[in-house]
Amino acid sequence: MTKITIKETQNPTILKFEFEDFITQNQNFEFKNIDEAQASPLAQQLFYLPFVKTVYISGNFIAIERYSIVDWDDVKDAVAEQITAFVDKGGVIIKIDETKAKKQPITVYGETTPNPSALKFVVSRMLTRNAVEYKNIDQTASSPLAQELFKFPYVKEIFIDENYISVTKYEINNWDEITLELRTFIKQFIENGGTVLDESLIQTKAKTEATKDEAFDKLDVTSQQIINILEEYVKPAVAADGGNIAFESYNEDDKTVKVLLQGACSGCPSSTFTLKSGIENMLKSMLNDEAIKVEAVNA
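Counting in the working numbering, the final residue of the sequence shown is number 693, and the numbers go up one at a time with none missing.
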């Protein structure tokens with residue numbers, strides 16, 4: 395009899411149903427409805443449950459995102475029993491031949507950034523809508539790709555967002571020595587079905603945005619204005635350079651704005667200049683306050 399272990403994730407709407415053995419090798423799947431799930435008879439059966447919103451299949455688990463009409467506590471055991479019964483009767487989880495036929499090649503190319511220690515690898519398809527930064531291999535539970543990249547001795551930090559991966563290196567190698575190796579590895583990893591990000595292990599964008607909205611509403615008016623300026627005028631330019639900037643705090647007493655730099659922006663030699671001559675001057679002008687100062691909490 396198949397043994398299923400039920401595990402919670404950081405997202406309360408997503409539950410993982412783990413098998414003792416791998417059910418797919420180096421591939422991950424996401425199905426939003428029964429029509430998309432033709433390669434997975436099991437996923438198709440699960441979509442007959444009215445509360446099933448999304449089905450993820452990867453490694454040794456099936457993760458299910460539910461609609462809010464039910465709580466997992468009320469249905470999780472029944473779902474586990476249904477999965478077990480399906481598999482024990484010889485039901486097919488993934489039709490391997492169909493998934494291979496749908497395998498599409500991708501392109502990956504490197505872009506320089508203002509940070510000489512960081513390179514941006516742009517992929518010809520969307521990877522995630524949740525920006526994630528990894529400072530070391532111990533943080534990479536949600537990203538098998540990042541975990542593999544940290545095995546290269548020259549990889550220092552990794553930032554993944556939208557359709558690109560920013561890699562920050564140690565000084566032991568020059569980019570012309572390692573760019574081709576990294577680009578080829580990323581391309582082959584994704585083409586072979588490797589998981590870039592396990593979305594069930596990170597906050598979903600909807601949850602993140604809801605949390606942001608709640609926090610935003612509690613802020614003072616100046617802080618809200620600063621966030622809006624950063625979102626509209628600064629973030630797009632920073633993202634183009636393979637990085638991200640996040641608002642941390644604003645001190646009304648000394649007029650100090652603190653921000654968090656991520657990706658290629660973190661540790662960039664020109665980041666201080668950018669903060670002072672670019673972002674700080676922009677905030678002074680748009681908020682009509684020459685006393686405003688901008689500092690990076692991780693500069």
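All C-beta atoms in this analysis are idealised placements derived from N, C-alpha and C, irrespective of residue type, glycine included.
- Assignment of Y528 by DSSP, reduced to helix, strand and coil, places it in the strand class.
- In the displayed model, N692 falls within coil according to three-state DSSP, outside both helix and strand.
- Rounded to whole angstroms, the Cβ separation of A512 and V561 is 7 Å, and the two are in contact under 8 Å.
- If you look at K470, you'll find it in the alpha helix (DSSP H) that goes W466 to D482.
- Between the alpha carbons of D570 and C659 lies a distance of about 21 Å.
- The alpha-carbon of L677 is positioned some 20 Å away from that of Q656.
- Per DSSP, F583 is one residue of the alpha helix (DSSP H) stretching across W569 to E585.
- For A631, the enclosing alpha helix (DSSP H) covers residues K629 to A634.
- The beta-bridge partner set that DSSP reports for E402 consists of L409.
- Rounded to the nearest whole angstrom, the CA to CA distance from V653 to V688 is 7 Å.
- A residue is called buried once 16 or more other Cβ atoms fall within 10 Å of its Cβ, and V615, having fewer, is exposed.
- Only exposed fits K397, as fewer than 16 other CB atoms lie within 10 angstroms of its CB.
- For S679, the enclosing alpha helix (DSSP H) has its first and last residue at N675 to L681.
- Here F544 has Y528, N530, I531, T534 and I552 as same chain residues with Cβ atoms under 8 Å from its own Cβ, once five neighbours each way along the sequence are excluded.
- Residue burial is scored here from C-beta neighbours: R460 has at least 16 other C-beta atoms within 10 angstroms and is therefore classed as buried.
- With 16 or more other Cβ atoms inside 10 Å of its own Cβ, N638 counts as buried.
- In the three-state scheme derived from DSSP, where H, G and I count as helix and E and B as strand, T589 is classed as coil.
- Annotated as distal: T578 and G504, with beta-carbon spacing of 7 Å or more.
- For I639, the enclosing beta strand (DSSP E) begins and ends at G637 to N645.
- Remark: C-beta atoms of A457 and K410 approach each other more closely than 7 Å.
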